[in-house]
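Quick note: the sequence shown uses the working numbering, first residue 4, plus one each step. C-beta: ideal position from N, C-alpha, C; glycine also.
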Amino acid sequence: MPGGDQEIIKRQKTDMYSSSVSAWAVQVATNVTVQKHHVSRDKRGQVLGNIRGFRGCTVWFTGLSGAGKTSISFELEAYLVARGVPAYGLDGDNIRTGLNRNLGFSKEDREENIRRVAEVARLFADSGVVALCSFVSPFAQDREMARKIHRENDLPFFEVFVDTPLNVCEQRDVKGLYKKAREGSIKGFTGVDQAYEKPECPDLVLKTVNPTVEESCLQVVQLLEENGIIPVNIRQNDTVVELFVPENRVSSAIEEAAHLASLAISTVDLQWVQVLAEGWA
């Protein structure tokens, strides 16, 4: 079956699902109570990842399809995990194959799509993970809802606008979605027959025409550093855990050590000290 027909059938199915979802959504549960965890965020921060401290937050990448959101998000995920910071990327396509497979692309379904993702991201962030969300999320109201969900739970939320011109996004369109949208095979496609509301005050704007994915990733790393989510020295890829000095006293401990009494020994003496310390003698 041609790819265009598959896409049309997929959207027809999601539209059928969405009608049932809309009916279901009317029945809102009222007999629920939020259950408090016994484990605090500080406690989670002590055991999660190689760098102690609670670092849970959400980075929300928004922009047109093909802008580079997922590429940057997954590059950042790999960067953080390699340095001992737990992170997880939530991608629009991946979410729609599972959690949100019963949602279509109407305005109401797009809103519900973002609401669900924001709630999932909140849970990730609350657990101490850096949640990396890459979604077109074309409506400013929906993105503000996602921010509000985090703000109400005292969790950092960063909106990153991946600002890539429409013509560049179309050139990168390996799925051929823009072509199908212009041919009329896909309706309500953002950038073609569905408007994209640009963020007015994003926490970061990424221009992706010239910078590489790695360079864009480092801009987000800098944003996280400036907001105290990750330590500045993470760029040194130093994942050795300091076991004896609290993280907030490492700098002062190094300064104190510089003034301690010292003894000058030769290289041979140093080697014997190492042998004795390791129990080889």
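Helix, strand or coil at residue i [DSSP, three-state]
{"i": "TYR91", "result": "strand"}
{"i": "LYS182", "result": "helix"}
{"i": "LYS210", "result": "strand"}
{"i": "GLN277", "result": "helix"}
{"i": "ALA28", "result": "Confidence at ALA28 is low in this model, with a pLDDT of 48, below 50, so its placement is unreliable and the value that follows should be read with caution. DSSP places ALA28 in helix when its eight states are reduced to three."}
{"i": "THR100", "result": "coil"}
Close beta carbons around residue i, own chain, < 6 angstroms, minus the five adjacent residues each side
{"i": "PHE160", "result": "THR61, ARG150, HIS153"}
{"i": "PHE77", "result": "GLY92"}
{"i": "PHE192", "result": "ALA184"}
{"i": "PRO131", "result": "Correcting the residue type first, residue 131 is Gly in the shown sequence and not Pro. Excluding positions up to five away in sequence, the list reads ARG47, GLY48, LEU51, PHE57, GLY59."}
7 angstroms CB neighbourhood of residue i in its chain, flanking five on each side removed
{"i": "LEU169", "result": "LEU67, GLY194"}
{"i": "SER43", "result": "none"}
{"i": "GLU250", "result": "ARG55, GLY56"}
{"i": "ARG118", "result": "MET148"}
Start-to-end residues for the beta strand (DSSP E) that takes in residue i
{"i": "PHE160", "result": "160-166"}
{"i": "CYS60", "result": "60-65"}
{"i": "LEU135", "result": "133-137"}
Closest Cα partner of residue i within the set the options
{"i": "LEU158", "options": "ILE232, PRO214, GLU186", "result": "ILE232"}
{"i": "CYS136", "options": "ASN156, PHE164, GLN144, GLU155", "result": "PHE164"}
{"i": "ARG55", "options": "PRO234, ARG185, GLY71", "result": "PRO234"}
{"i": "VAL3", "options": "SER265, GLY48, ARG58", "result": "The chain is shown from 4 up to 284; residue 3 falls before or after that span and cannot be answered."}
{"i": "GLU114", "options": "LEU180, ALA143, GLU186", "result": "ALA143"}
{"i": "ASP176", "options": "ARG47, ASN53, HIS41, ALA70", "result": "ALA70"}
{"i": "GLU147", "options": "LEU266, ASP206, ASN236", "result": "ASP206"}
{"i": "ARG125", "options": "LYS46, CYS204, GLU186, ALA90", "result": "ALA90"}
{"i": "GLY101", "options": "ARG86, GLY131, VAL123", "result": "VAL123"}
{"i": "ALA81", "options": "LEU221, LEU266, SER254", "result": "LEU221"}
{"i": "SER109", "options": "ALA260, ALA280, ASP196", "result": "ASP196"}
{"i": "THR84", "options": "HIS262, SER188, ARG238, GLN174", "result": "With the sequence shown as reference, residue 84 is identified as Val, and Thr is not the correct amino acid for it. Per the Cα distances, ARG238."}
Nonlocal neighbours in the same chain, by C-beta distance under 8 angstroms from residue i, ignoring five residues either side
{"i": "LYS210", "result": "ASP166, THR167"}
{"i": "VAL276", "result": "ILE268"}
{"i": "ASP129", "result": "ARG44, GLY59, ASN156, LEU158"}
{"i": "VAL216", "result": "GLY71, SER74, ILE75, GLU78"}
Residue range of the unbroken alpha helix (DSSP H) whose run includes residue i
{"i": "VAL223", "result": "216-229"}
{"i": "CYS172", "result": "169-174"}
{"i": "SER76", "result": "72-85"}
{"i": "GLU259", "result": "253-260"}
{"i": "HIS41", "result": "Where HIS41 is concerned, there is no enclosing alpha helix (DSSP H), given that its DSSP letter is neither H nor E."}
{"i": "LEU126", "result": "110-129"}
{"i": "LYS151", "result": "143-154"}
Any chain C beta carbon closer than 8 angstroms to residue i
{"i": "THR193", "result": "The structure shown contains no chain C; it holds only a single protein chain."}
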